[in-house]
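For what it's worth, the working numbering labels the leading residue of the sequence shown as 428, then goes sequentially.
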Amino acid sequence: MNKTMLPRAVALAALPLAVASTHVQAQSHEMVIATLLPESMTNNEIYPALVHFKNLVEARTDGDLEVSIFGGGQLGSEVETGSEVQGGRTLQSTIMSTGAMSSFYEDYQMVTAPFLFTNWRQAWAFYDSEWFADFMSGTIESANMRYLGTFDDGGGFVAFTNNKRLIETVDDLEGLNIRTEENPAHVAIMRALGASATPLPWGELITALETGLADGQFNAPVINTAYNLDAVTDYTTLTGHVYNSAPWMISEAWYQELPEEYQRVVITSAREAIEVSHGMSGALATASWEESCERFEACYMMPEEERQRMAEIARPAWQEWIVEDFGMDAERVEGLLAEVERVGNEVAEEDFRIYGQ
């Protein structure tokens, strides 16, 4: 961000005044949205989608429902903003990463499954499906938040970077120390693949790589280039072993206070914004991977056969962890995995039926 960020406490304190000022201008409702992503129209897919949402909502309500977007973490961490959204008074909406969402709705931890998707079309079709919307409806009761849709987090599919060697096969992970998010699912996956895992917050990543506390890490190519990880690691491999997602949540209490016509505006505008983000996500991720291959000492896109080999190792270990350690119902986990597979097959068959015959 170019502009100076307000401290979180000051920004939150100012929100009631902002609401009051909109009332003077005869605006009946306000929707404040928080995101960690910077207020940039070019380096991420979430902020531009939120701007599109804002434009749609304000046009469709003739300005009676005003939307304000606070990017760059101005209003606090994802967990902090999630807690604010539950009340719905000063903050009505937030976008959270997988780990933060799981702290409000444990079932979301299921989408940390390794090699969950094989391509963007499958991922987008699954996250945009009625099945997944029904799955997420549990957030209303458990967290007083309503689900609007899922953004890709940095383009979804992740790539390893490390300073030891180019990872071409699962065997190349043996003995590497990989920094992970503070997410036990990621730790379980790394250990199953033969690497050790060092869970660290984002703010400690660069130092860990510079000092040798960690040999490598994984993030979407957009993150790897935006944060210049080529300066502290030499090699990058696109494996897509994790698909990072960011669910978009709103306050259920606030939503229920809206007139039905405005509820419809919020829902339809959000769904269009999600679709806008999909294309930008794919474009940014593709461009960032090409940039990675120019900036890192060596890059490698892992072929499907080797990805499948990795999946056959990582998936059982993850399932054991999420059922035995995390306590998730085994049938519910199997149900989600089966639905992802069904959606992938359906998308492929429909594409060929419509365009290939």
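Just so you know, even glycine gets a beta-carbon here, dropped at the ideal spot from N, CA and C.
Since we're looking at a predicted model, the values are computed, not measured.
Simplified DSSP assignment, three categories, for residue i
i, result
"E457", "strand"
"L492", "strand"
"V585", "strand"
"F753", "coil"
"T449", "Bear in mind that a pLDDT of 40 at T449, under 50, signals an unreliable position, so the number given afterwards is only what the model happens to contain. Three-state DSSP puts T449 in a helix."
"S520", "strand"
"G709", "helix"
"N788", "Residue 788 is absent from the model: the chain starts at 428 and stops at 784."
"F559", "helix"
"S678", "strand"
"S672", "strand"
"F531", "helix"
"R487", "helix"
Of the residues the options, the one placed nearest residue i, counting alpha carbons only
i, options, result
"A624", "N610, E739, G630 and R691", "N610"
"V614", "V659, E631, D752 and I677", "D752"
"E485", "G503, E457, E761 and N470", "E457"
"Q536", "V760, V774, E768 and R780", "V760"
"W547", "V494, A712, L620 and D491", "A712"
"T407", "A741, F779 and N571", "A question about residue 407 goes unanswered here, because the residues of the chain that appear run from 428 up to 784."
"W745", "E466, L764 and R606", "L764"
Whole-number beta carbon distance between residue j and residue i, since they are thought to touch under 8 Å
i, j, result
"I749", "H668", "In fact, because the Cβ distance is near 16 Å, the residues do not count as touching under 8 Å."
"C726", "T663", "5 Å"
"Q519", "A570", "Actually they do not touch by this definition, with Cβ atoms about 14 Å apart."
"L593", "M737", "So it is not a contact: roughly 15 Å between Cβ atoms."
"N590", "T660", "5 Å"
"S678", "M572", "6 Å"
"R606", "Q644", "4 Å"
Backbone CA spacing between residue i and residue j [nearest angstrom]
i, j, result
"A612", "A757", "15 Å"
"W716", "G771", "24 Å"
"I694", "L575", "7 Å"
"T525", "L477", "19 Å"
"L685", "I496", "19 Å"
"V597", "Q501", "40 Å"
"G581", "S704", "11 Å"
"S719", "M729", "14 Å"
"V451", "T517", "Confidence at V451 is low in this model, with a pLDDT of 43, below 50, so the placement of that residue should be treated as unreliable; the coordinate-derived value is given next. Cα to Cα, V451 sits roughly 17 Å from T517."
"W681", "E724", "50 Å"
Cβ pair residue i, residue j closer than 9 Å
i, j, result
"I473", "V494", "no"
"F480", "A700", "yes"
"D579", "S708", "yes"
"A550", "A647", "no"
"A641", "L656", "no"
"T488", "V767", "no"
"L463", "G498", "yes"
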